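Student: Before we start, here is the structure in question, set down as structure tokens.
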Amino acid sequence: MARRAPTLESVVEDERVNAGLAWLLVAFILLVVVESALDGDFLWAGFAAFVAGVAIAPAAIYRDPNAMLPWEVLVLAALPLLGRALATMVLTSRVATYFSVAALALIVAVELHAFTPVKMTHWFAVLFVVVATIATAGVWAVVQWLSDIYLGTAFIQSEHRLMWDFVAATATGAAAGVVFEWYFRRFVRMDPRLPDEVSRR
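Positions in the sequence shown are counted from 1; adding 902 to them yields my numbering.
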């Protein structure tokens, strides 16, 4: 009986291929860190570095380079980072910032579900992503305020605009929650891309 050639889907679902794609995306995020630092945008460079650190946390904890998030989750985090770094007309820096915050919350939620005993129901997962996005936006606002005071930047221009930023963060978090819920409907409990020793934990 002839052996069937591997399909594109089976290749993408392979844990080593997934890990390779994930590490490439992490490398891209690190390039954003360097680019932002060279431009003098140290606040954003620090945020991108934090995203990269969270992304590689499972591999570092389990000491297994294959223990990486599904690559499509990291794509969701990398795209707004690219948009913020380039400040394109399509994706302004502020919009990209809150998409990045939502993507970070999404990464944390997927890592908790995939690499820890914590298992979330769909409704709680959506709520978690929304609340985590709002909370992260709050922390980000405090960091910007401290930067304005001690580094002489001008991130926070008015309280009115800051409140609209929180509204935007909430809306973005809700959208990320919907994406999370959709993703988990197709994300099986034992993802075949995760190493066996990680899946059993």
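Backbone N, C-alpha and C fix where the C-beta goes; we use that ideal spot for every residue, glycine too. Keep in mind the model is a prediction, meaning the values are calculated, not measured.
To the nearest angstrom, how far is the alpha carbon of His1015 from that of Phe952?
Tutor: Residue 1015 sits at position 113 when you count from the first residue of the sequence shown. Residue 952 sits at position 50 when you count from the first residue of the sequence shown. The alpha-carbon atoms of His1015 and Phe952 are separated by roughly 20 Å.
Student: In whole angstroms, what is the alpha-carbon distance linking Ala929 and Thr1074?
Tutor: As a first step, residue 929 must be located in the sequence shown, where it is residue number 27. As a first step, residue 1074 must be located in the sequence shown, where it is residue number 172. Approximately 25 Å between the Cα atoms of the pair.
Student: Tell whether a beta-carbon distance below 8 Å holds between Ala950 and Val934.
Tutor: Translated into positions along the sequence shown, residue 950 becomes position 48. Translated into positions along the sequence shown, residue 934 becomes position 32. For Ala950 and Val934, yes; Cβs fall inside 8 Å.
Student: Cα-Cα, which of Trp1042, Gln1059, Glu1061 is closest to Ala1071?
Tutor: Here residue 1071 is taken as the residue at index 169 of the sequence shown, counted from 1. Closest option to Ala1071, Cα to Cα, is Trp1042.
Student: With a 10 Å radius around its C-beta and 16 neighbouring C-beta atoms as the bar for buried, classify Tyr1000 as buried or exposed.
Tutor: The residue given as residue 1000 occupies position 98 in the sequence shown. Burial call: buried.
Student: What number of angstroms, rounded off, separates the C-alpha of Ala924 from the C-alpha of Phe1057?
Tutor: On the sequence shown, residue 924 is found 22 positions in, with the first residue counted as 1. On the sequence shown, residue 1057 is found 155 positions in, with the first residue counted as 1. Taking the straight line from one Cα to the other gives about 32 Å.
Student: Note down the Cα distance separating Gly1054 from Val1069, rounded to an integer number of angstroms.
Tutor: Along the sequence shown, read from residue 1 onward, the residue named residue 1054 stands at position 152. Along the sequence shown, read from residue 1 onward, the residue named residue 1069 stands at position 167. C-alpha separation (whole angstroms): 26 Å.
Student: How many angstroms separate the CA atom of Thr1035 from the CA atom of Asp916?
Tutor: Residue 1035 sits at position 133 when you count from the first residue of the sequence shown. Residue 916 sits at position 14 when you count from the first residue of the sequence shown. Their Cα atoms are separated by approximately 31 Å.
Student: Is the separation between the beta-carbon of Leu1130 and that of Ala1007 shorter than 8 Å?
Tutor: Not covered by the structure: residue 1130. The range shown for the chain is 903 to 1103.
Student: In this structure, how does DSSP classify Gln1046 when only helix, strand and coil are distinguished?
Tutor: On the sequence shown, residue 1046 is found 144 positions in, with the first residue counted as 1. Correct three-state label for Gln1046: helix.
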